[in-house]
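Participant: Residue numbers (the numbering used here): 65 to 685. From the three backbone atoms N, C-alpha and C, an ideal C-beta is built for every residue, glycine too.
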Amino acid sequence: MITFYLNAIPKIKKAVFFCLFFTSLLFTSCSVSKNLTLSNDGITKYVIVIPDSPTIVETTAASELKEHLEQITGAEFVVLHESEVKSPHRLLIVGNSKLARTLLPGVDADKLPYDGIVIETIGDNIVLLGHPVRGTLYAVNTFLEEAAGVRWWTSTESFIPKINKMKVPKLQINYGPRLIYREAFYKDALSDTKFAARMKCNGDFSKIESKYGEYHKFQYFVHSFYPILPPQIYFDKHPEWYSLVDGKRVNQSAQLCLTNKDMRKEFIKNTLETLRSHPDMDFISISQNDCYGACQCDVCQAIVKEEGSESGPLIRFVNAVAEEIEKEFPEIWVETLAYQYTRKAPLSVKPRKNVVIRLCTIECSFSQPLGEGEQNKTLREDIESWSKIADNLFVWNYVTNFVSYMLPHPNLHTLAPDIRFFIKNNTIGLFEQGDYYCDAGDFVKMRNWVISRLMWNPELDENKLIDEFFVGYYGEKAAPYLRQYWDLLTQSAKDSDVYLRCYMQHTADWLSVPVYAEASSLLKQALDATEDETFRNRLRREEIPMKFVLLSEFDRFKAYEEENGSSPVTLPDPEKALTEFMSLMKEFNVTMIREDFSPNAHHIQMLEQLLRSKISTNTND
Numbered sequence: 065m066i067t068f069y070l071n072a073i074p075k076i077k078k079a080v081f082f083c084l085f086f087t088s089l090l091f092t093s094c095s096v097s098k099n100l101t102l103s104n105d106g107i108t109k110y111v112i113v114i115p116d117s118p119t120i121v122e123t124t125a126a127s128e129l130k131e132h133l134e135q136i137t138g139a140e141f142v143v144l145h146e147s148e149v150k151s152p153h154r155l156l157i158v159g160n161s162k163l164a165r166t167l168l169p170g171v172d173a174d175k176l177p178y179d180g181i182v183i184e185t186i187g188d189n190i191v192l193l194g195h196p197v198r199g200t201l202y203a204v205n206t207f208l209e210e211a212a213g214v215r216w217w218t219s220t221e222s223f224i225p226k227i228n229k230m231k232v233p234k235l236q237i238n239y240g241p242r243l244i245y246r247e248a249f250y251k252d253a254l255s256d257t258k259f260a261a262r263m264k265c266n267g268d269f270s271k272i273e274s275k276y277g278e279y280h281k282f283q284y285f286v287h288s289f290y291p292i293l294p295p296q297i298y299f300d301k302h303p304e305w306y307s308l309v310d311g312k313r314v315n316q317s318a319q320l321c322l323t324n325k326d327m328r329k330e331f332i333k334n335t336l337e338t339l340r341s342h343p344d345m346d347f348i349s350i351s352q353n354d355c356y357g358a359c360q361c362d363v364c365q366a367i368v369k370e371e372g373s374e375s376g377p378l379i380r381f382v383n384a385v386a387e388e389i390e391k392e393f394p395e396i397w398v399e400t401l402a403y404q405y406t407r408k409a410p411l412s413v414k415p416r417k418n419v420v421i422r423l424c425t426i427e428c429s430f431s432q433p434l435g436e437g438e439q440n441k442t443l444r445e446d447i448e449s450w451s452k453i454a455d456n457l458f459v460w461n462y463v464t465n466f467v468s469y470m471l472p473h474p475n476l477h478t479l480a481p482d483i484r485f486f487i488k489n490n491t492i493g494l495f496e497q498g499d500y501y502c503d504a505g506d507f508v509k510m511r512n513w514v515i516s517r518l519m520w521n522p523e524l525d526e527n528k529l530i531d532e533f534f535v536g537y538y539g540e541k542a543a544p545y546l547r548q549y550w551d552l553l554t555q556s557a558k559d560s561d562v563y564l565r566c567y568m569q570h571t572a573d574w575l576s577v578p579v580y581a582e583a584s585s586l587l588k589q590a591l592d593a594t595e596d597e598t599f600r601n602r603l604r605r606e607e608i609p610m611k612f613v614l615l616s617e618f619d620r621f622k623a624y625e626e627e628n629g630s631s632p633v634t635l636p637d638p639e640k641a642l643t644e645f646m647s648l649m650k651e652f653n654v655t656m657i658r659e660d661f662s663p664n665a666h667h668i669q670m671l672e673q674l675l676r677s678k679i680s681t682n683t684n685d
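#1: Could you spell out the range, first to last residue, of the alpha helix (DSSP H) harbouring residue 488?
#2: Look up residue 345 in the DSSP assignment and say whether it is helix, strand or coil.
#3: My understanding is that residue 608 touches residue 468, with C-beta atoms under 8 Å, so please give their C-beta distance in whole angstroms.
#4: Assuming residue 183 contacts residue 200 (C-beta within less than 8 Å), just tell me the rounded distance between them.
#5: Taking only the alpha-carbon atoms, compute the straight-line gap between residue 340 and residue 119 and give it to the nearest angstrom.
#6: Do you know offhand how far residue 362's Cα is from residue 478's?
#7: Does the region 395-412 come close enough to the region 534-554 that 3 or more CB-CB pairs lie under 8 Å?
#8: Starting from residue 491, follow its DSSP beta bridges and name the residues at the other end.
#9: Would a C-beta distance cut-off of 8 Å place residue 377 and residue 411 closer than the cut-off?
#10: State yes or no: is the C-beta of residue 249 within less than 8 Å of the C-beta of residue 498?
#11: Give every residue of the same chain whose Cβ lies closer than 8 Å to the Cβ of residue 132, excluding the five residues on either side of it in the sequence, and list them in chain order.
#12: Grouping DSSP H, G and I as helix and E and B as strand, with all else coil, what is residue 520?
#13: Where does residue 452 land, buried or exposed, given buried means 16+ other C-beta within 10 angstroms?
#14: Examine the Cβ distances between the region 473-488 and the region 610-626 and report whether three or more of them are shorter than 8 Å.
#15: Can you tell which of 325, 460, 344 and 496 has its C-alpha closest to the C-alpha of residue 280?
#16: Tell me whether the region 536-556 and the region 588-600 touch, counting them as touching only if at least three CB pairs, one residue from each stretch, are closer than 8 Å.
#17: Check the C-beta distance from residue 352 over to residue 289 and give it rounded, since I have them as a contact under 8 Å.
#18: Can you give me the C-alpha to C-alpha distance between residue 646 and residue 495, rounded to a whole angstrom?
#19: Using only the alpha-carbon positions, how far apart do residue 612 and residue 470 sit?
#20: Kindly indicate which residue of 275, 348, 276 and 358 has the alpha-carbon position closest to the one of residue 9.
#21: To the nearest whole angstrom, what separates the beta carbons of residue 408 and residue 429, a pair I think is in contact under 8 Å?
#22: Whole angstroms are fine: how far does the CA of residue 382 sit from the CA of residue 581?
#23: Beta-carbon separation of residue 590 and residue 603 under 8 Å?
#24: How many Å lie between residue 86 and residue 516 at the Cα?
#25: Which runs of the alpha helix (DSSP H) fall wholly inside the region 95-138 and span at least 4 residues, in chain order?
#26: Does residue 424 come out as helix, strand or coil in the three-state DSSP assignment?
#27: Cα-Cα, which of 159, 672, 354 and 457 is closest to residue 203?
#28: Whose C-alpha, out of 305, 669, 619 and 134, is nearest the C-alpha of residue 722?
#29: Straight-line CA distance for residue 543 to residue 599?
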């Protein structure tokens with residue numbers, strides 16, 4: 065089990081305190097200006113040193129450092145246990161060794177903030193260590209990024225510089241992330257555990273191997289009422305345990321009767337039995353089903369009236385379950401949702417110290433930052449209310465369009481402000497739900513990279529991150545056009561004042577035909593300016609969303625031409641355009657086009673049928 069507690073329950077709040085202190089020290093240079101020469105002409109005087117009894121993560125960290133430094137410099141970097149260091153060497157000290165503790169007597173790895181890192185030069189030596197769980201690996205990865213310029217763009221694509229004479233400035237980096245739970249829910253991030261670790265994500269879906277530091281383990285994750293108390297087992301005998309809706313006890317699209325004492329006893333019994341079977345969990349979800357259908361019985365509704373929200377009976381119930389869990393499993397956290405009908409905080413009851421509230425943003429408009437404007441006023445009120453009563457707050461944020469991953473989704477400018485807004489309101493865990501099922505949607509590679517880096521350090525300049533990715537991943541020649549493309553889409557969404565949900569059927573409410581024409585032209589200019597085939601293929605993949613807009617909204621484009629006598633968009637032959645589009649989808653191995661938990665073999669066939677129906681009425685006009 066991964067434990068991030070000082071004394072079981074209070075650890076999260078203490079971790080946040082430490083993070084506040086350490087954040088201010090990130091990338092602070094020592095007053096000494098001398099640079100250290102790590103290698104010159106393929107020769108190094110440095111050896112990598114690990115503890116005599118290293119953890120599996122420390123071993124991995126040393127291996128990662130060795131592999132990358134050798135690729136960068138062409139020199140051979142030997143890895144030694146500290147007891148093997150006999151002759152004078154310059155040292156790259158990885159992990160919590162005696163040497164590290166001697167050189168940094170004021171640093172205790174066990175007392176670092178959760179996932180915290182230390183990178184410091186002492187004389188000619190460099191110390192890289194971190195919090196015992198996975199901090200040392202994060203320290204090495206940060207060193208490679210910041211001191212060597214390594215960039216892991218995706219799980220399979222990276223930039224490893226070639227440096228004949230590698231120099232490193234004097235460094236004093238002490239940092240603890242404000243978010244202790246970080247999950248970027250993208251296909252690329254979750255399909256490769258090494259990449260997830262390099263992005264410094266640690267969520268449940270990543271299933272990160274032990275050598276990369278593992279992950280926060282959730283039992284059920286969310287929507288656990290029926291998994292814990294299955295209606296197919298209990299409903300016939302105990303219908304009173306389930307929601308009363310419109311005068312009838314139901315178990316379809318419904319919840320539990322949270323005030324029923326006998327139900328609570330059975331629920332607690334089943335929960336404890338589950339935890340006994342899964343003792344390595346960090347969290348267990350005690351949370352509502354993914355629907356409405358709250359219980360309308362007099363007892364439940366009396367609490368709703370008293371607390372001013374359906375979250376009232378929920379939190380009282382979750383607190384009771386969490387109290388029993390704590391007696392047997394004091395290190396396990398109980399998570400519940402502030403979601404849809406329970407998003408509003410209760411007036412009086414407070415979550416217990418071992419309860420985590422995960423607030424969800426599903427109803428929001430993502431065309432403007434959540435902390436600004438009128439569209440998301442109620443969300444701001446809700447998160448501010450929860451932050452006052454909950455010691456531990458997570459957020460489930462929605463950063464894509466789940467109806468169609470293919471449609472452009474102009475929320476890029478909101479990603480960083482939203483993360484900062486969450487943290488300002490005491491959020492310590494963040495689940496950014498993106499395109500898990502598809503890696504060829506709306507610039508998903510860039511989104512995953514930017515979001516992951518911002519979750520690790522929300523103070524980074526998001527525009528610099530975006531520009532860096534554009535240059536590094538698509539090439540210098542294409543980057544200016546891509547920047548203009550995104551600025552154009554962003555401004556168009558702002559000007560339209562569209563309520564940009566995470567379930568959008570089309571772009572008509574914010575993407576006019578003239579703006580579409582200009583945006584498509586910018587993508588074409590980016591492609592035309594690029595000669596490198598690797599860059600060109602990456603750019604061709606990013607054309608998919610705009611091509612999809614034209615086909616799926618063909619009637620709108622044709623109507624514009626008819627009404628205006630001309631159009632800035634030259635309409636293609638629909639059948640030819642559809643054939644080319646489906647070929648592009650096949651080339652980039654697109655198998656999922658929307659959120660769907662069913663097998664994905666049918667998706668492409670469904671997509672072609674949909675697009676054919678969209679264009680068929682216009683083909684012979």
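Facilitator: Let me lay it out:
#1: 479-488
#2: coil
#3: That pair is no contact at about 11 Å.
#4: Not really, about 10 Å apart at Cβ, beyond 8 Å.
#5: 27 Å
#6: 42 Å
#7: no
#8: 457
#9: no
#10: yes
#11: 208, 212, 214 and 224
#12: helix
#13: exposed
#14: no
#15: 344
#16: yes
#17: 6 Å
#18: 32 Å
#19: 7 Å
#20: Because the chain spans 65 through 685 in this model, residue 9 falls outside it and cannot be assessed.
#21: At roughly 18 Å, the Cβ-Cβ gap does not stay under 8 Å, so residue 408 and residue 429 are not in contact.
#22: 53 Å
#23: yes
#24: Bear in mind that the predicted position of residue 86 carries a pLDDT of just 36, short of 50, making it unreliable; the figure below should be weighed with that in mind. Roughly 19 Å between the two C-alpha positions.
#25: 120-137
#26: strand
#27: 159
#28: Residue 722 falls outside the range modelled here, since the chain spans only 65 to 685, and no answer is possible.
#29: 11 Å
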